[in-house]
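Residue numbers (our numbering): 220 to 444.
All residues carry an ideal CB built from backbone N, CA and C; glycine is no exception.
Remember, predicted model here, so these are calculated numbers, not experimental data.
See below for the structure under consideration.
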């Protein structure tokens, strides 16, 4: 009697061609996501490290001081009519991408050339997360700002930092600005952290378009190393 055997089908793995195809599709999807999320401001270079100076306290602790300006129009790049944070350097750069050490002491000095825009939520008129819970405006120490004179904020949610910016008066002379100064400490954890302006100051129905929605203008990143 002949013995018969049944053939059991074996499961084949993905072929090399299909694997390469899937890798290409995933890479293209990632590139597309990056392109719509991290749109370039002013061009390819968005670093603001040129605006950071380093000094030391009497105890030897390093202080990283950031010098920025809020301009009504950045006047350079693909969206020259956008308002935005700029470095106070020559040439200017978008003042929104910084690389700093973790657990570092940071002081920020901002000259605001823009006028007032009332916040939607007065909670953001409170100074939060800074050293001493204060900022100085034109040399005067504040813990809370009158929402009627607010213009923008410097807000880093992951740091617990929110600092309101005072706007220039409607009758201000050309070139006038308000000066804000404050300090905070970065977390003792390496990573990339987003910061932004909370006051809607862009285009569109709710003011969150244009410079509010594009990195490099009214929002940016802190990379802690």
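Express the C-alpha separation of residue j and residue i in angstroms, rounding to a whole number.
i, j, result
"residue 283", "residue 266", "15 Å"
"residue 285", "residue 319", "11 Å"
"residue 435", "residue 410", "19 Å"
"residue 356", "residue 279", "27 Å"
"residue 359", "residue 305", "24 Å"
"residue 273", "residue 379", "23 Å"
"residue 333", "residue 368", "11 Å"
"residue 401", "residue 441", "17 Å"
"residue 375", "residue 412", "8 Å"
"residue 329", "residue 242", "45 Å"
"residue 444", "residue 269", "17 Å"
Assign residue i to one of two classes, buried (16 or more other C-beta atoms within 10 Å of its C-beta) or exposed (fewer than that).
i, result
"residue 391", "exposed"
"residue 381", "buried"
"residue 314", "buried"
"residue 299", "exposed"
"residue 287", "buried"
"residue 331", "buried"
"residue 237", "exposed"
"residue 244", "exposed"
"residue 179", "Look at the range of the chain in this structure, 220 to 444, and you will see that residue 179 is not part of it."
Can you tell me which of the three DSSP states residue i falls into?
i, result
"residue 431", "helix"
"residue 297", "coil"
"residue 313", "strand"
"residue 302", "coil"
"residue 288", "strand"
"residue 332", "coil"
"residue 268", "helix"
"residue 387", "strand"
"residue 353", "coil"
"residue 346", "coil"
What distance in whole Å lies between the Cβ atoms of residue j and residue i, which are believed to be in contact at a cut-off of 8 Å?
i, j, result
"residue 429", "residue 316", "Not really, about 19 Å apart at Cβ, beyond 8 Å."
"residue 414", "residue 438", "7 Å"
Do residue j and residue i come within 8 Å of each other at the CB atom, strictly closer than that value?
i, j, result
"residue 308", "residue 418", "no"
"residue 341", "residue 366", "yes"
"residue 384", "residue 289", "yes"
"residue 327", "residue 311", "no"
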